[in-house]
Amino acid sequence: MSQPQIMPADNRLDVARLRRDFPALSRKVHGKPLVYFDNAATAQRPRAMIEATRRYYEEYNANIHRGVHTLAEEATEAYESARASIRRLMNISDPGELIFLRGVTEAVNLVSQAYVRPRVGPGDQILISHMEHHSNIVPWQLIREQTGAELVVAPINQRGELIWEEFERLLNPRVKLVGMVHISNALGTVNPIKRVVQAAHALDIPVLVDGAQAMPHMPVDVQDLGCDFYCVSGQKMFGPTGAGVLYGRREILETMQPYHGGGEMIKHVTFEETIYNDLPARFEAGTPNIAGGIGLGATAEYLMSIGMDRIEAYERELLEYATEAVSAIPGFRIIGTAENKAGVISFTLEGVHPHDLGTIIDHEGVAIRTGHHCAMPVMQFFGVPATARASLAFYNTREEVDHFVEAVQRARKMLL
Amino acid sequence: MSIQDLYRAAVIDHNRDPRNFEEMADATHRSRGLNALCGDDIRVYLRVSGERIERVSFIGQASAITMASASMMTERVASMTTAEAREMHQELKTLLTGDRVPDSARQRLGDLAALEGVRQYPSRIKSATLPWQTLVAALDGDDVASTE
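For the protein sequence lines, the chains are V and B, in the order given. Residue numbering for the first sequence follows my numbering, starting at 181 and increasing by one per position. Residue numbering for the second sequence follows my numbering, starting at 3 and increasing by one per position.
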């Protein structure tokens, strides 16, 4: 595995060198150097991940957990070693507690259908927050339709933070699950997950965390958080698309019926009955995204070699710099000003529609997201149809922030 | 291709100063146009007498391309018959997505030809056509036109 080059003496990130690990960052867009500020939509991929995926396809391409031949054994070993890498990154001690699947959307659907659905009915509640991504809203609306359970939404304040007192007030024995985003993709808010878990567990309510945006930006230790489910999308954390994981506590997973039926998730099948496999295979029906899992494992190793705590510290400084820099732009309104915030600047620009802004600054090489960010209730709360969003990663720089600010200024001049 | 080709002077002018940008109390037809992905949300009002469109207005929040297209539409369609307005919608669609438009059609489109730049931006074509879809939805009696 190619090792990233890092660790200057002062323990700060050597971002200029890290950037070279990401081939796409050196390309040009409309003749300008790419400034990639759309990391919350999907991140760029390091060479370590791309190479791991390539090696699987070129050198030991085979199905896993089946064949006895050399390629099959190599593939199985690589896949399970990837599982071990991701476990280390998230501090999951039990291999049965990490389920490979496509990403957060599939993880939430799995939990909602295989865990919550058989356990709830009319009078029961699912409690989520107002800042959830659609992937942690819609599966619960399906549960509401299927079971008659109620979907309750904990409110947020004008800064885009969970209103703690309201959340606490909504916790009651009728709540059968709390679903909460760790970091909001639309606002950047970092939720106090540990505190949420403690409050919910006091009433024996399990907690599912949508960790899509937290994994690429901060250390995530599921045992320290104490949550019952933690959902991860590989593509948001510099890994492959279509590869993600669900962490679930063994004592809960063991009580759950399978989600998908098929190969791999069985021990024995006759037409009369099927004996399901042990964890985690019970929830991994069918041939999985083998290359994706292996690539995600390589990404986890890459991130650990840099250190998530250092990534978090660097991004905090970069966000501070960016927040200060954009304050020079007239009419620039930041949506989401939580005290504890990750590197997301969601904003509106007076007189300029986000879509025009996105198109114009793309011509300056700057990639941002515009629209509702799959969090339409957040847009409704702040009374905007859409925002523009610059979302940062550890490979972004102050120079790129400056370039972004200049590009936005030019767009203003052009349209106003 | 330069960004000015998309945001031509006429587009910027109509966006800065949209024409007939108001609700219409005595509208006979109205509809709402939504492009959720982009956050475009407009309402189009028409006063139709017989087959004749007497007046068109619109309100809403939308990208400059949508605003300009809507603003130009309100000027261009007023006093047309409903059939002519529908035909112009088709001509505009051809201009933005199809093969070459005959010069006669281009002349009929007038100002609207300035929207031609979106041809190079597949993600923005819906922005330009949304007001027209909304107008047709209003004529058809549909409450909402959606590009999704």
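Glycine is no exception: its CB is placed at the ideal position from the N, C-alpha and C atoms.
In the three-state DSSP reduction, F562 (chain V) falls in the helix class (H, G or I). Counting C-beta pairs closer than 8 Å gives fewer than three between the stretch 38 to 58 of chain B and the stretch 573 to 589 of chain V, which falls short of the contact rule. Closer than 8 Å to the CB of I127 (chain B) there is not a single CB belonging to chain V. For the stretch 4 to 33 of chain B, the beta-carbon criterion of a distance under 9 Å to any beta-carbon of chain V is satisfied by S4, I5, Q6, L8, Y9, I14, N17 and R18.
Interface annotation, M229 (chain V): not in contact with chain B, CB-CB separation never under 8 Å.
At a cut-off of 8 Å between C-beta atoms, M311 (chain V) does not count as an interface residue with respect to chain B. For S106 (chain B), there is no enclosing beta strand (DSSP E); the enclosing alpha helix (DSSP H) has its first and last residue at D105 to L111.
Nearest CB-CB separation between G100 (chain B) and chain V: not below the 8 Å threshold.
In the displayed model, M417 (chain V) falls within a helix according to three-state DSSP. Using a Cβ distance threshold of 8 Å, A242 (chain V) and A232 (chain V) do not count as a contacting pair. Excluding residues up to 5 positions away in sequence, R45 and V146 lie with their Cβ nearer than 6 Å to the Cβ of R34 (chain B) in the same chain. Exposed is the label assigned to V248 (chain V), since fewer than 16 other Cβ atoms lie within 10 Å of its Cβ. With respect to F60 (chain B), T83 (chain B) sits apart: the two C-beta atoms are not nearer than 8 Å. Here DSSP, grouped into helix, strand and coil, assigns H31 (chain B) to strand.
For F463 (chain V), there is no enclosing beta strand (DSSP E), as DSSP marks it with neither H nor E. In the structure shown, the three-state DSSP call for E330 (chain V) is strand. If the five residues before and after S148 (chain B) are omitted, its C-beta is found closer than 7 Å to the C-beta atoms of L36, all from its own chain and listed in chain order. Excluding five sequence positions before and after R10 (chain B), the CB atoms of its chain that fall closer than 7 Å to its own CB belong to A116 and G119, given in chain order. Judged by DSSP secondary structure, H91 (chain B) falls within the alpha helix (DSSP H) whose first and last residues are T84 to T99.
Among the residues facing chain B, T222 (chain V) is not included, as its CB has no counterpart in that chain under 8 Å away. A buried status is given to M398 (chain V), since no fewer than 16 other beta-carbon atoms sit within 10 Å of its beta-carbon. The continuous beta strand (DSSP E) containing F512 (chain V) extends over residues F512 to I515. Taking the C-beta atoms as reference points, I446 (chain V) is found no nearer than 8 Å to Y295 (chain V).
Only residues of its own chain outside the window of five on either side were considered, and among them V389, G391, V402 and Y427 have a CB closer than 6 Å to the CB of Y410 (chain V), listed in chain order.
For I470 (chain V), the enclosing alpha helix (DSSP H) has its first and last residue at I470 to I486. N219 (chain V) counts as buried, since no fewer than 16 other beta carbons sit within 10 angstroms of its beta carbon. At a cut-off of 8 Å, the C-beta of H553 (chain V) has no neighbouring C-beta in chain B.
Taking 8 Å as the cut-off, the beta carbon of Y240 (chain V) is found no closer than this to the beta carbon of G473 (chain V). Annotation: L132 (chain B) has no Cβ neighbours in chain V at a cutoff of 9 Å; minimum Cβ distance is about 11 Å. Put simply, the CB of P557 (chain V) is far from chain B, with every gap to its CB atoms at 8 Å or more. Contact annotation: T479 (chain V) and V195 (chain V) have beta-carbon atoms that are not nearer than 8 Å. The shortest CA-to-CA distance from E464 (chain V) to any of V:T450, V:E444 and V:Y456 is the one to V:E444. If you draw a straight line from the Cα of A518 (chain V) to the Cα of G340 (chain V), it comes to about 6 Å. Residue range L278 to L281 is occupied by the beta strand (DSSP E) that includes L281 (chain V). If you draw a 10 Å sphere on the C-beta of E434 (chain V), you find fewer than 16 other C-beta atoms in it, and that means exposed.
Comparing alpha carbon positions, the residue from V:M360, V:G283, V:V387 and V:S261 closest to N316 (chain V) is V:M360.
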